Amino acid sequence: MGRMTRRVFTAAAAGAVTAAALDTTAARAGTESRQKREFRGMWAATVANIDWPSRPGLAPDRQRAELLALYRAALERRLNAVLLQIRPTADAFWPSRHEPWSEYLTGTQGRDPGWDPLAFAVREAHRRGLQLHGWFNPYRVANHTDPSRLAPGHPVRRHPGWAVPYGGKLYYNPGLPEVRHFVEDAMLDAVRRYDLDGVHFDDYFYPYPVAGQEFPDADAYRRHGQGFPSRAAWRRDNIDRLVREMHRRIKEHKPQVRFGVSPFAVWRNHGTDPRGSNNRAGVQTYDDLYADTRGWVRKGWIDYIVPQVYWHIGNPAADYAVLVAWWARTVRGTGVRLYIGEALYRQGAAGQPAPWQDPGELSRHLTLDRRYPEVGGNVYFSATQVVTDPIGAMARVVRDHYPHRAHPPR
1 MGRMTRRVFT
11 AAAAGAVTAA
21 ALDTTAARAG
31 TESRQKREFR
41 GMWAATVANI
51 DWPSRPGLAP
61 DRQRAELLAL
71 YRAALERRLN
81 AVLLQIRPTA
91 DAFWPSRHEP
101 WSEYLTGTQG
111 RDPGWDPLAF
121 AVREAHRRGL
131 QLHGWFNPYR
141 VANHTDPSRL
151 APGHPVRRHP
161 GWAVPYGGKL
171 YYNPGLPEVR
181 HFVEDAMLDA
191 VRRYDLDGVH
201 FDDYFYPYPV
211 AGQEFPDADA
221 YRRHGQGFPS
231 RAAWRRDNID
241 RLVREMHRRI
251 KEHKPQVRFG
261 VSPFAVWRNH
271 GTDPRGSNNR
281 AGVQTYDDLY
291 ADTRGWVRKG
301 WIDYIVPQVY
311 WHIGNPAADY
321 AVLVAWWART
331 VRGTGVRLYI
341 GEALYRQGAA
351 GQPAPWQDPG
361 ELSRHLTLDR
371 RYPEVGGNVY
381 FSATQVVTDP
391 IGAMARVVRD
401 HYPHRAHPPR
């Protein structure tokens, strides 16, 4: 099935035929569902107020109303899970014992917003039958490089050696064991205190490479990199330890909480590694972000994975069809759940290629996904587009694939 799918869906000349075939299949399937349980999620980003709150400094009642509006939209689209970003930049959307209140709530990092957003978010999600997964960014500290702009008492101001500037941003240094333990503690604080259904990491581990700049961790490598054949191998080990330890510690506290990651979808290109996907992507998580996402699946260090397959079917560098087939093979037999991350934000957006101007593109993605029993659902970026649905792509998905509500997988 995988070889046949790749042959059909990567051929540029077959693109129109493929689209027609998938549209026909979706139409036939409009009143049925492949499985009774299916993960249907949306990411709700708080960094830079992308999705919620709409801007910093809103009154608590307005913030609560906006969040409930996102939940309402999720239910109207027959989704069943929200992945809410609650630690976007070494800060917190709850009264954390480790890091300051997020600036995206009040406009000032460290200022108490006067309520507990995470407690409200969890309670109201569960009241509506939605799962709530806490979305954490492990190492990003700030979207600037000036530690003096951080809240008084911020961990980086107490431990200036913990953070490094890179590409115009500030990051915790993943190569320091004390940093790794601290960020784990900071995230686990929310796990212990709130009834989260999941802990979710996105695609930021070591930052995406910036041309002409080397991530400044040479000193940490000298101190902690003994025994590794290269700095790259040491960096991967640092991220491996974070993932493995977080999985173990989550299960020690709350075995029912699921641990998932949504990486950049290309582990390695086949031209780099014969085990990789048949793509020509410019970024490879194993080599550029030092995230061995395939290894985490094969070793069972995560419960689910949501590769961000943010390309259209037939993309010459990174083909949606090729990547879904590769991930289905990768999770097969592991027990790790596979959900596919969908680029709803691209639909109808200016500058996007023709397939993204077609409101049926995402629906065709789900039709293709149905060919793989390993694919247990989809997650959409982001909540704003779930609400506004500029060209009707989300409505098309609901019409073609979500005729009824579904429970998430057990």
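Sequential numbering of the sequence shown, starting at 1, is according to the UniProt record's numbering.
From the three backbone atoms N, C-alpha and C, an ideal C-beta is built for every residue, glycine too.
Predicted model only: the values in this text are computed from it and were never measured.
1) Out of curiosity, what's the CA-to-CA distance linking residue 88 and residue 154?
2) May I have the straight-line CA-CA distance separating residue 243 from residue 133, to the nearest angstrom?
3) Between residue 373 and the rest of its own chain, which residues show a CB-CB distance below 7 Å, the 5 nearest in sequence each way excluded?
4) Which class does residue 55 belong to by DSSP, given the choice of helix, strand or coil?
5) Here's the rule: buried if 16 or more other CB atoms are within 10 angstroms of the residue's CB, otherwise exposed. What is residue 253?
6) Smallest Cα separation from residue 302: which of 291, 309, 311, 310?
7) CB-CB under 6 Å to residue 33, same chain, minus the five flanking residues each way: which ones, in chain order?
8) Between the Cα of residue 127 and the Cα atoms of 195, 168, 151, 166, which residue gives the shortest distance?
9) If you follow the alpha helix (DSSP H) that residue 117 is part of, which residue opens it and which one closes it?
10) Out of 147, 293, 228, 152, point me to the one whose CA is closest to residue 205's CA.
11) How is the beta strand (DSSP E) around residue 86 delimited, first residue to last?
12) Can you tell which of 124, 66, 371 has its C-alpha closest to the C-alpha of residue 81?
13) What does a CB cutoff of less than 7 Å around residue 91 pick up in its chain, not counting 5 residues either side in sequence?
14) Looking at the secondary structure, which residues open and close the beta strand (DSSP E) in which residue 275 lies?
15) Please return the same chain residues whose Cβ sits closer than 6 Å to the Cβ of residue 256, not counting the five positions on each side in sequence.
16) How about the region 52-67 and the region 397-407: do they share at least three Cβ pairs that are nearer than 8 Å?
17) Note down the Cα distance separating residue 84 from residue 250, rounded to an integer number of angstroms.
18) Confirm, please, whether the CB-CB distance from residue 51 to residue 135 is below 8 Å.
According to the data block:
1) Within the sequence shown, residue 88 is the residue found at index 88, counting from 1. Within the sequence shown, residue 154 is the residue found at index 154, counting from 1. So the two alpha carbons sit approximately 15 Å from each other.
2) Translated into the one-based positions of the sequence shown, residue 243 becomes position 243. Translated into the one-based positions of the sequence shown, residue 133 becomes position 133. Near 17 Å, if we compare the C-alpha coordinates of residue 133 and residue 243.
3) Counting from one through the sequence shown, the residue named residue 373 turns up at place 373. If we look at residue 373 and ignore the five residues flanking it on each side, it has no Cβ neighbours.
4) Position 55 of the sequence shown, counting from 1, holds the residue named residue 55. Reduced to three states, the DSSP call for residue 55 is coil.
5) To locate residue 253, count along the sequence shown from 1; it is residue 253. Residue 253 should be labelled exposed.
6) One-based indexing of the sequence shown puts residue 302 at position 302. Among 291, 309, 311, 310, the Cα nearest to that of residue 302 belongs to 291.
7) Numbered from 1 along the sequence shown, position 33 holds the residue referred to as residue 33. Reliability of the predicted coordinates at residue 33 is poor, the pLDDT of 46 falling under 50, and the value obtained from them is presented with this limitation in mind. Once the five neighbours on either side are set aside, residue 33 has no close Cβ partner at all.
8) The residue you call residue 127 lines up with position 127 of the sequence shown. Checking every option, the nearest Cα to that of residue 127 belongs to 195.
9) Along the sequence shown, read from residue 1 onward, the residue named residue 117 stands at position 117. That run of the alpha helix (DSSP H) goes 117-127.
10) Within the sequence shown, numbered from 1, the residue matching residue 205 stands at position 205. When only C-alpha atoms are compared, the closest one is 293.
11) Here the question's residue 86 lines up with position 86 in the sequence shown. 81-87 is the span of the beta strand (DSSP E), which, as asked, contains residue 86.
12) Numbered from its first residue, the sequence shown carries residue 81 at position 81. Residue 81 has its Cα closest to that of 124, out of 124, 66, 371.
13) Position 91 of the sequence shown, counted from the start, is the residue given in the question as residue 91. Only 99, 100, 101, 102, 103, 109 meet the Cβ criterion.
14) Along the sequence shown, one-based indexing puts residue 275 at 275. No beta strand (DSSP E) holds residue 275; DSSP gives it neither H nor E.
15) Stepping through the sequence shown from its first residue, residue 256 is reached at position 256. Within the same chain, residue 256 has no close Cβ partners at all.
16) no
17) Taking the first residue of the sequence shown as position 1, residue 84 is located at position 84. Taking the first residue of the sequence shown as position 1, residue 250 is located at position 250. The alpha-carbon atoms of residue 84 and residue 250 are separated by roughly 18 Å.
18) Within the sequence shown, the letter at position 135 stands for residue 135. Within the sequence shown, the letter at position 51 stands for residue 51. Contact flag unset, no.
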